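*Asks:* First to last, the protein sequences are chains A and B. Going by my numbering, the first sequence opens with residue 118, and the numbers climb by one from there. Going by my numbering, the second sequence opens with residue 13, and the numbers climb by one from there. Ideal Cβ placement from N, Cα and C applies to all residues, glycine included. Computed from a predicted model, the values in this text were never measured in an experiment.
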Amino acid sequence: MILTSLSLAEIRSLVAAKELKAEEVVRVFLERIEHSEPAIAAFLSVEGEKALDQARAIDRKKDKGSLAGVPIAIKDNILVRGMRTTCGSKILENFIAPYSATVIERLASEDAIFIGKTNLDEFAMGSSTENSAFFVTRNPWDLGRVPGGSSGGSAAAVSAGEAAAALGSDTGGSVRQPAAFCGVVGLKPTYGRVSRFGLVAFASSLDQIGPLTRTVEDCALLTKIICGPDGRDSTLADQPVPDFPADMKERLSPFKAGYLGEKRLEGIDPDVKDLYGKALGILENLGGELVEMDFPSWEYALACYYIIAPSEASSNLARYDGVRYGFRDPSYATLREMYLNTRTRGFGQEVKRRIILGTFALSSGYYDAYYLKAGRTRGLVSREFEQAFERIDYLVTPTTPEPAFPIGAKPDPISMYLSDVFTVSANLAGLPALSLPCGLSRGGIPVGLQVIGRPFQEDRLFKLAFSIEKKVKFKNNRDTINWKEDP
Amino acid sequence: MKPSLDIDHICALAHLRLSEDEKRILEPQMAEIVKWIGKLDEVQLPIPSEGPDSHLLFPLPLRPDDIRPSQPLETALLNAPEKAGPFIKVPKVIEEK
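1) Inspect the beta-carbon positions of L184(A) and L125(A) and report whether they are closer than 8 Å.
2) Return the Cβ separation of C299(A) and N236(A) in integer angstroms, given the expectation that the two are a contact with Cβ distance under 8 Å.
3) I need the straight-line Cα distance from A282(A) to R331(A), nearest angstrom please.
4) Look up P427(A) in the DSSP assignment and say whether it is helix, strand or coil.
5) Let me see if you follow: with CB-CB separation under 8 Å, is P64(B) close to chain A or not?
6) Contact defined as beta carbons within less than 8 Å: I believe S481(A) pairs with A546(A). What is the distance between those atoms, to the nearest angstrom?
7) Following the continuous alpha helix (DSSP H) through S532(A), name the residue where it begins and the one where it ends.
8) Need the endpoints of the beta strand (DSSP E) that E383(A) sits in, please.
9) On the three-pair Cβ rule with 8 Å, is the stretch 385-398 of chain A touching the stretch 352-365 of chain A?
10) Go through its chain and collect everything with a Cβ distance to A320(A)'s Cβ below 6 Å, but skip five positions before and after it.
11) Quick one, which residues of the stretch 276-294 of chain A are near chain B if we go by CB-CB under 9 Å, in chain order?
12) If you draw a straight line from the alpha carbon of E62(B) to that of K490(A), how long is it in whole angstroms?
13) Of the residues Y216(A), S245(A) and V541(A), which one's Cα is nearest the Cα of P523(A)?
14) Secondary structure at E34(B), three-state DSSP: helix, strand or coil?
15) Quick one: measure Cβ to Cβ for G633(A) and S249(A), integer angstroms, because I've assumed they're closer than 8 Å.
16) One question on the structure: do I221(A) and L260(A) come within less than 8 Å of each other, judged by their Cβ atoms?
17) Indicate whether at least one CB of chain A lies closer than 8 Å to the CB of D36(B).
18) Pick out whichever of D485(A), K580(A), P528(A) and E501(A) has its Cα sitting closest to the Cα of L548(A).
19) Assuming Y442(A) and F212(A) make a contact with CB atoms under 8 Å, what is their CB distance in whole Å?
20) Tell me which same chain residues have a C-beta within less than 6 Å of the C-beta of K373(A), skipping the five on either side of it?
21) State yes or no: is the C-beta of I385(A) within less than 8 Å of the C-beta of P515(A)?
22) In three-state DSSP terms, what is K527(A)?
23) How many Å lie between L101(A) and I585(A) at the Cα?
24) Give the interface partners of V197(A) over in chain B, defined as CB-CB distance under 8 Å, in chain order.
25) Determine, using beta carbons only, whether V292(A) and C336(A) come nearer to each other than 8 Å.
Now the structure itself:
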């Protein structure tokens, strides 16, 4: 039995039946981390002692929760009380979380174990994890390639068997794109589905917390646990939480799936295109009716996103001024100088680029031309989806235009921004979207398939994704690789 | 009006100071990015009453204005860069002429 390959339900049932101690589970994952971290570098901090203490407490408990003994990695922009939360930034290098995010409280109430905090692009701004202020995480499928981003550490940790599952955050594709690059499953829930209390804000009208897991079933289980009411996030919708893992196993009813025609696939990697075509074949085998769809507004979706997200970021990141928490540059004579020196030395280059862009888009004389126009274009994107979902039940697209690219291959910011071409629209419209592996490129790198659904219909996403997963039979074998012998 | 990003002005608004080296890198990059997002000029939008604007996409309900417990003082001060007793210490705000 390879413990790091077990599903969350399998680990839990072994721990609940006392066939395995939670402490033993944690030790196995810690050994795996020790073994593979020199190669992967997925974690900013590993909380071994705290995880073992948590495990021993769970072993002593009589009634164990539905995640008893399951080691989970947490993206380092989600607060876990008493743990360091850096957001991959020098400005928060020594920040200790004074409280836990709602999602953490929910996982803890089910006896999950927090094994460490994972690397990310600084303040979740990026698509490769190369923008972390600390180090670059490597893709377990090819150490010369990026794991994607911004939740690259979380995706790499799950893929390499360093954690049974992970949480990430998705503002423009930051859960789905790294999930696709690392051969794991990732969900961006509907906007308003999961509380963001305790998530460090990047772009508040777009941010959502989502799980990264080895299987669709694990993803459904984690989603069920992290959803639900929370008076501390006023954007949370009052929606019932279905039993996602049970519901997804029910028979798949006949469905209509939208797909993208040639025009929208122009310029994408040929292997991604081939595997997308094969995935559409699987949908037909599953009894789906395929409907070619076009979304003219997608032409502008990236431009729209790269106005709205930086604008909100420039406002959200104004709080990092060296006054109440985080880094304060010691050389200053006046308050204004303190702000300037702290922010100038505390933020990395991509964060500065986005703050500058956002401040520009919101500045006098440019607000209408950029921010207001982007807002109205966003309405157009949303309306096109509403009209599409009158004809179809799902929209199925590639998750990314290419598989994981080599580290350092995209020094130009715009070429990096183009990585988000298939993912940003779901954030702009607030829709749920899931990425699952649909095969390997000829170079042996995973490729992801994205399924987008109607608002608050995550249950239907899981059901279709579960059926696709069974047909694709994707095998993630990264947790058995000996990195020391296989550089 | 042809958009142009005056990087010194914007950095002053954003409380950022770029070194000459950083400015040499960022200034042309920002010009390219502004040109790229200018693609939005091509969008033909319906008159406002026909389509929702972004701020109408998601309802933002107000919560009741109730008093709620806040962080204890020692927790609030946990990450303060500089403190003096129960206070966060900052430089003098009123500057001498």
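*Replies:* Quick look at the numbers:
1) Taking the first sequence and counting its residues from 1, one reaches residue 184(A) at position 67. Taking the first sequence and counting its residues from 1, one reaches residue 125(A) at position 8. One thing to note: L184(A) has its Cβ within 8 Å of the Cβ of L125(A).
2) In the first sequence, counting from the first residue as 1, residue 299(A) sits at position 182. In the first sequence, counting from the first residue as 1, residue 236(A) sits at position 119. Contact doesn't hold; Cβ gap of about 13 Å is too wide.
3) Here residue 282(A) corresponds to residue number 165 of the first sequence, with the count starting at 1. Here residue 331(A) corresponds to residue number 214 of the first sequence, with the count starting at 1. Approximately 7 Å between the Cα atoms of the pair.
4) By one-based count along the first sequence, residue 427(A) stands at place 310. Helix.
5) As a working mapping, residue 64(B) is identified with position 52 in the second sequence. Confidence at P64(B) is low in this model, with a pLDDT of 49, below 50, so the placement of that residue should be treated as unreliable; the coordinate-derived value is given next. Chain A, which has a Cβ nearer than 8 Å to the Cβ of P64(B), makes this yes.
6) By 1-based counting over the first sequence, the position of residue 481(A) is 364. By 1-based counting over the first sequence, the position of residue 546(A) is 429. 30 Å between Cβ atoms; not a contact.
7) As a first step, residue 532(A) is located in the first sequence; it is residue number 415 there, counting from the start. P530 to Y534 is the span of the alpha helix (DSSP H), which, as asked, contains S532(A).
8) As a working note, residue 383(A) is residue 266 in the first sequence. First-last for E383(A): undefined, no H or E at that position.
9) no
10) Position 203 of the first sequence, counted from the start, is the residue given in the question as residue 320(A). Within the same chain, A320(A) has close Cβ partners T288, A426, E429 and A430.
11) none
12) Position 50 of the second sequence, counted from the start, is the residue given in the question as residue 62(B). Position 373 of the first sequence, counted from the start, is the residue given in the question as residue 490(A). Bear in mind that a pLDDT of 49 at E62(B), under 50, signals an unreliable position, so the number given afterwards is only what the model happens to contain. Whole-angstrom Cα-Cα distance: 15 Å.
13) Counting from one through the first sequence, the residue named residue 523(A) turns up at place 406. Answer by Cα proximity: S245(A).
14) The count along the second sequence starts at 1 and reaches residue 34(B) at position 22. The answer is helix: DSSP assigns E34(B) an H, G or I state.
15) What is shown of chain A runs 118 to 604, which leaves residue 633(A) out entirely.
16) Along the first sequence, read from residue 1 onward, the residue named residue 221(A) stands at position 104. Along the first sequence, read from residue 1 onward, the residue named residue 260(A) stands at position 143. Not in contact: I221(A) and L260(A) (Cβ atoms no closer than 8 Å).
17) Stepping through the second sequence from its first residue, residue 36(B) is reached at position 24. Here residue 36(B) turns out to be Arg, not Asp, going by the sequence shown. With 8 Å as the cut-off, R36(B) does not count as an interface residue toward chain A.
18) The count along the first sequence starts at 1 and reaches residue 548(A) at position 431. The shortest C-alpha separation from L548(A) is found at E501(A).
19) Your numbering for residue 442(A) matches position 325 in the first sequence. Your numbering for residue 212(A) matches position 95 in the first sequence. Right, their Cβ atoms sit about 6 Å apart.
20) Residue numbering aside, residue 373(A) sits at position 256 when the first sequence is read from its first letter. Once the five neighbours on either side are set aside, the close Cβ partners of K373(A) are E406, V408, I509 and D510.
21) Residue mapping note: residue 385(A) aligns to position 268 of the first sequence, counting from 1. Residue mapping note: residue 515(A) aligns to position 398 of the first sequence, counting from 1. Yes, these two residues count as a Cβ contact at 8 Å.
22) For this step, residue 527(A) is matched to residue 410 along the first sequence. Three-state DSSP puts K527(A) in coil, outside helix and strand.
23) Because residue 101(A) is not part of the residues shown, which for chain A are 118 to 604, the question remains open.
24) What you label residue 197(A) is simply residue 80 of the first sequence in a count that begins at 1. Within chain B, no residue comes near V197(A); the closest Cβ sits about 14 Å away, beyond 8 Å.
25) Position 175 of the first sequence, counting from 1, holds the residue named residue 292(A). Position 219 of the first sequence, counting from 1, holds the residue named residue 336(A). For V292(A) and C336(A), no; Cβs fall outside 8 Å.
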